[in-house]
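Chemist:
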Amino acid sequence: MILILGGTTEGRIAAKTLEEAGQSFYYSTRGDGQELTLYHGIRQQGGMDADALEQFCLQKDIRLLVDAAHPFAVQLHRNVAEVSRCLSIPVIRFERLYPPREDCPVIWCDNYWEAMEQIRYLHPTSFLALTGVQSIEKLAPLWKEADFPCHFRILDRDSSRLLADRQGFPRERLCYYHENEDEGLLLEQLHPDVILLKESGLSGGFKEKVEAASALGIQVLALRRPVLPTSFVTVTGRHGLRRKVEQLLPDFYPQHTGLTTGTCATAAAVAATWEALYPDVNNRPDEFPVVLPDGEILFVPARTSLRTVSADGLTIHASASVIKDAGDDPDITDGLVIEASVTLHLSAGLPVPTPLPVHIDGGFGVGRVTLPGLDAAVGEAAINATPRRMIATGIRHLLTTLPVSELHPIHADVCISVPEGEEIARRTFNPRLGIVGGISIIGTSGIVKPFSTEAFISSIAKSMDVARATGSPRIVINSGAKSERFVRAYYPDLPPQAFVHYGNFIGETLKLADNLGISRITLGVMIGKAVKLAEGHLDTHSRQVTMNRDFILSMVREAGCGEDVVRQVEHITLARELWDLIPTSILPAFTQTVLRHCYRYCAPLLPHGELTILLISEDGKIYV
């Protein structure tokens, strides 16, 4: 059994991530202020000291603790560490992402006493604390003696007001937090000279608070976040959390996730960069940071090797490799070695460029593009746009975390190779797509979810149950991360749980919706799956069905396109090329033709509900 210590945004994400397993777990909060829909999770309310937490873990057979509490919940972190030590229970810390301190125009303080000394020194005409109701007592020596007005922003609830009353703080000096309110509004109303923040991370709105204050010329003081126990294993998002749970409790999830070739290539490139700059074997980590497209930082094992330095010391070359882990997905690339060689060009006289130029190419075993319509141009290595961004971002992110030296990189060349890629590529669709000489380096989210019909459909069913339990007026099904981003913008008022991934199982998902009695469903589909669905293929995975160019040509003619357009469509490699080939004047008729064919096959699967189908372009434009 797993216990999440939550009550935060991270706790909410952790709960949603564990719900995917279909297994029971506990979710603990000190109070009842957080609204959260749990399907398999069991809610536990009330604070627990170390003894109570230890007894709870023994009684409930807790095998793993997930500390997703606020970073300043110091006593809770200590209690978790103590129980972990006594009972030998591992702890995953779901940590927030933080902007670099050097990028923030802030006076940093280690504790409240230091902050009060700084505030007294600055002697503002007005002071505002955005540190919560618990800090009223800690800052009492300041506000009780100050000859300037002090305000505190707290949660708008009776328990917080009563706590402020017990400290003797005047209610007229209280301000209230309102979710999604512009941080600048309160600052403009009060006009404080100085504000005090906690280093609460991106999810805590730290960056927005600092920016709002700086724009108004307000001096910002911030309390550094406490140091966490070294025994905790840290993750910064849902993917890292799931993978750590899969490692520590292998039976919790029925199937395990994997890494895309793009993530592996990025980890290898980051490891090679580390080796180039810091070859000390004693301090070399086993895992290296990869910044996923959603901003999460995932740590991936990599091996470094082969470091050389030019005679003048201005060029350093290093290599590293990662073994592709596909999890439980039957991926042909599972177990492949993905290598990255990085050449850093250094300078002592030139300024550090922002951003650092990173040139990326493919070596042996990475395919070359010979036909138009793919992510990469003809002649380029078959490394998709998202992995290219990940590699560049990963190297730049690593450089911000390493000590600055007189010699610094001004340019990086990266070459990705896959020793067995050429052989493996013969068993993929790459030759048909005009990609020769190797595999593609791909990935949208950076994570591979296992392809198992039974397991995936089971997870869809669980997601649909959770979505229905929210009471959402509509459930929106979509293929994955990219399309979800667009349909969320189309339905901004729906709860996050209302968006369910169908992967490739459109037909099964619609049947599940009908069985659950869901009255209104929106199906979001991008053109690659839409042209398969329009032909009646309700499972759109490339293992089951490939793009039928003849059927697409029939729809193009049905929409009224001329023969010049038809001749161009005859040569497409990927369906998304249609967006560039169909004339703007014909596009409405063509999209309606595709939608009409899709609706013909989908509507019968939802006989008791209302079905809306959205066709989504590559840039997020939606056709209804």
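So the number in the numbering used here is just where the residue sits in the sequence shown, counting from 1, plus 3. We treat Cβ as the ideally placed atom computed from N, Cα and C, and that holds for glycine.
Are the beta-carbon atoms belonging to glutamate 608 and aspartate 517 less than 8 Å from one another?
Modeler: The question names glutamate, yet the displayed sequence has leucine at residue 608. For leucine 608 and aspartate 517, yes; Cβs fall inside 8 Å.
Chemist: In three-state DSSP terms, what is glutamate 186?
Modeler: helix
Chemist: Can you give me the C-alpha to C-alpha distance between alanine 215 and aspartate 106, rounded to a whole angstrom?
Modeler: 15 Å
Chemist: Can you check DSSP and say which residues form a bridge with tryptophan 146?
Modeler: For tryptophan 146, which the question treats as bridged, DSSP gives no partner whatsoever.
Chemist: Which stretch, first to last residue, makes up the beta strand (DSSP E) that contains proline 292?
Modeler: Note, proline 292: beta strand (DSSP E), 290-294.
Chemist: With distances taken between CB atoms, is the gap from valine 369 to isoleucine 444 smaller than 8 Å?
Modeler: yes
Chemist: According to DSSP, is alanine 501 helix, strand or coil?
Modeler: helix
Chemist: Histidine 411 bridges to which residues according to DSSP?
Modeler: Ser350
Chemist: Buried or exposed: which applies to leucine 614, given that a residue is buried once 16 or more other Cβ atoms fall within 10 Å of its Cβ?
Modeler: Classification of leucine 614: buried, given that the 10 Å Cβ count is 16 or more.
Chemist: Under the assumption that arginine 631 contacts leucine 231 (Cβ atoms under 8 Å), give the Cβ distance between them as a whole number of angstroms.
Modeler: Outside the modelled stretch of the chain, which goes from 4 to 627, sits residue 631, for which no answer is possible.
Chemist: Secondary structure at tyrosine 30, three-state DSSP: helix, strand or coil?
Modeler: strand
Chemist: How many Å lie between leucine 288 and isoleucine 45 at the Cα?
Modeler: Sequence inspection shows proline at residue 288; the leucine mentioned does not correspond to that position. Answer to the nearest angstrom: the Cα atoms are 37 Å apart.
Chemist: In whole angstroms, what is the alpha-carbon distance linking valine 528 and serine 486?
Modeler: 7 Å
Chemist: For alanine 274, which residues in the same chain have their Cβ closer than 6 Å to its Cβ, ignoring the five residues on either side in sequence?
Modeler: Excluding sequence positions up to five before and after alanine 274, its CB lies within less than 6 Å of the CB of Phe291, Ala305, Thr307 and Ala323, all in the same chain and listed in chain order.
Chemist: Roughly how far, in whole angstroms, is the beta-carbon of arginine 160 from the beta-carbon of glycine 36, given that I think they are within contact range, below 8 Å?
Modeler: 7 Å
Chemist: Run the CB neighbour count on tryptophan 116, radius 10 Å, all protein chains shown included, and call it buried at 16 or more, exposed below.
Modeler: Flag for tryptophan 116 reads exposed.
Chemist: If you scan the segment 462-544 from start to end, which runs of the alpha helix (DSSP H) of 4 or more residues do you find wholly inside it?
Modeler: 484-493, 509-518 and 530-536
Chemist: Give the C-beta separation of alanine 329 and threonine 318 to the nearest angstrom, bearing in mind that I take them to be a contact with Cβ-Cβ under 8 Å.
Modeler: Going by Cβ atoms, the distance from alanine 329 to threonine 318 rounds to 35 Å, so no, they are not a contact pair.
Chemist: Of all the options Ile341, Leu353, Pro476 and Arg123, which has the alpha carbon lying nearest to the alpha carbon of lysine 327?
Modeler: Ile341
Chemist: State the beta-bridge partners of alanine 323 as determined by DSSP.
Modeler: Thr307 and Ala343
Chemist: Take alanine 384 as the anchor and find which of Leu353, Val417 and Ser448 has the nearest alpha-carbon.
Modeler: Val417
Chemist: Alpha carbon to alpha carbon, what distance is there between asparagine 82 and serine 466?
Modeler: 33 Å
Chemist: Just to confirm, are proline 102 and phenylalanine 209 a CB contact at a threshold of 8 Å?
Modeler: yes
Chemist: Considering only residues of the segment 369-447, which uninterrupted beta strand (DSSP E) runs meet the minimum length of 3 residues and lie entirely inside it, listed in chain order?
Modeler: 411-420
Chemist: So if DSSP puts lysine 141 in a beta bridge, which residue, or which two residues, is it bridged to?
Modeler: Answer is none; lysine 141 lacks a bridge partner.
Chemist: With distances taken Cα to Cα, identify the nearest neighbour of isoleucine 413 among Ile450, Ser420, Leu402 and Pro406.
Modeler: Leu402
Chemist: Out of Asp283, Glu299 and Thr346, which has the shortest C-alpha to C-alpha gap to serine 313?
Modeler: Thr346
Chemist: Return the residue from the list Lys147, Glu13, Ala24 and Ala379 that minimises the CA-CA distance to lysine 452.
Modeler: Ala24
Chemist: Compute the beta-carbon to beta-carbon distance between leucine 6 and isoleucine 95, rounded to the nearest angstrom, for a pair I have assumed lies under 8 Å.
Modeler: Between isoleucine 95 and leucine 6 the Cβ distance is about 11 Å, and since that is not below 8 Å, they are no contact.
Chemist: Taking only the alpha-carbon atoms, compute the straight-line gap between glutamate 120 and isoleucine 139 and give it to the nearest angstrom.
Modeler: 16 Å
Chemist: Does DSSP put arginine 96 in a helix, in a strand, or in coil?
Modeler: strand
Chemist: When DSSP labels each residue in this structure, what does arginine 66 get in the three-state scheme?
Modeler: Correct three-state label for arginine 66: coil.
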